[in-house]
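**Student:**
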Amino acid sequence: MATSAHLTLRLTPGLIEELDKLARSKRRSPSNLAAEVIREYVDVNRWQVEHIKKAIEKADRNEFAGDKEVGALFRKLTRRRAR
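Take the numbering used here: the last position of the sequence shown gets the number 275, and nothing is skipped along the way.
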């Protein structure tokens, strides 16, 4: 099994130039740097989607604080700040 595959992207000339400059400053290839950036983007977005789904499931089960609980907490916190 291959450890990597090719992906073709269309980038503006300006973005390509910036990627090249950044890659040179880090002594890396533009391809290697782009792969790292894409990996980080995918990881962050997967994490966000997972947490959003969990939050929606909690909301569907009515596990979020209601108006009364939120109001009581708000009043408690604002009283502390006023002291």
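Each residue gets a CB set at the ideal place from its N, CA and C atoms; glycine is no exception. Since the model is a prediction, treat every value here as computed from it, not as a measurement.
1) Quick check on the DSSP output: the alpha helix (DSSP H) that includes Ala-251 runs from which residue to which?
2) When the Cα of Ala-215 is compared with those of Thr-204, Glu-228, Pro-205, which residue comes out closest?
3) Determine the direct distance from the alpha carbon of Ile-208 to that of Asp-201, and round the result to whole angstroms.
4) According to DSSP, is Arg-219 helix, strand or coil?
**Tutor:** Let me spell this out:
1) Numbered from its first residue, the sequence shown carries residue 251 at position 59. Note, Ala-251: alpha helix (DSSP H), 222–252.
2) Working through the sequence shown from its first residue, we reach residue 215 at position 23. A check of alpha carbon separations from Ala-215 across Thr-204, Glu-228, Pro-205 identifies Glu-228 as the nearest.
3) For this step, residue 201 is matched to residue 9 along the sequence shown. For this step, residue 208 is matched to residue 16 along the sequence shown. As written in the sequence, residue 201 is Leu, which differs from the Asp given in the question. Straight-line measurement puts the Cα of Ile-208 at about 10 Å from the Cα of Leu-201.
4) Along the sequence shown, read from residue 1 onward, the residue named residue 219 stands at position 27. Collapsing the DSSP output to three states places Arg-219 in coil.
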